[in-house]
Amino acid sequence: MKSIGRRLKAIYRMQGAYKKFDKELYKKYDESAKDRTKNFLRSKGWEVKDHPNKYAQDLVATKDGKEFLVECEVKLVWNKPKFPFDTIQLPARKEKFFKNRTAFFIWNKALDDAIYFWSDHVKDIKPVEVKNKFVKSGEKFFQIPLDKTKQVSKL
638 MKSIGRRLKA IYRMQGAYKK FDKELYKKYD ESAKDRTKNF LRSKGWEVKD HPNKYAQDLV
698 ATKDGKEFLV ECEVKLVWNK PKFPFDTIQL PARKEKFFKN RTAFFIWNKA LDDAIYFWSD
758 HVKDIKPVEV KNKFVKSGEK FFQIPLDKTK QVSKL
């Protein structure tokens, strides 16, 4: 049986190149993005906790017998309140989270505005290759139209 690491690498190869894990960016933004997301969801009455599996989505939200998973990230190129692009890009490597209903929260650099959307609203979008500052060619992204998202501001 293949190890989880080898299976994930095989999946990523099918999806094209991908950004390597950056420990410094993770340390700088991960906990803050999760905390902001927890605060927002708790303000809506959800109970939120960290997911016990560090390789799964970031958070688990529950309320009235309902549950969903939450993935959080920060877009460093988004540095104003209004999102500056026509689509928001989700790395194709995050497709592994589409198996379970997942809310994706993408925060701006200052962590005061976020766009969120549901996995089941974007799972049929075909990923496309997009050059970026981390991977010059080959990385694929879901380009999600903003009308499939909601923005929350000034939390």
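Position 45 (the sequence shown) corresponds to 682 in the working numbering; numbering is contiguous. We treat Cβ as the ideally placed atom computed from N, Cα and C, and that holds for glycine.
On the DSSP letters alone, give me the boundaries of the alpha helix (DSSP H) that V759 sits inside.
Working through the sequence shown from its first residue, we reach residue 759 at position 122. First-last of the alpha helix (DSSP H) with V759: S756 to V759.
What residues are listed by DSSP as bridge partners for Y753?
Residue mapping note: residue 753 aligns to position 116 of the sequence shown, counting from 1. According to DSSP, which records beta bridges pairwise, Y753 is partnered with F742 and K787.
Segments of 3+ residues assigned as beta strand (DSSP E) that fall wholly inside the segment 671–730:
684–687, 696–700, 703–712 and 724–728
Exposure label - S756; buried when at least 16 CB within 10 Å:
Translated into positions along the sequence shown, residue 756 becomes position 119. Classification for S756: buried.
Assign K635 to one of three DSSP states: helix, strand, or coil.
Only positions 638 to 792 of the chain appear in this structure, which leaves residue 635 out of reach.
Residue range of the beta strand (DSSP E) that includes P764
Position 127 of the sequence shown, counted from the start, is the residue given in the question as residue 764. Per DSSP, P764 belongs to no beta strand (DSSP E) and is neither H nor E.
What does the alpha-carbon distance come out to for the pair V697 and R738?
Reading the sequence shown from its first residue, position 60 is the one you call residue 697. Reading the sequence shown from its first residue, position 101 is the one you call residue 738. C-alpha separation (whole angstroms): 11 Å.
Is the segment 780–789 close to the segment 729–736, with three or more CB pairs under 8 Å?
no
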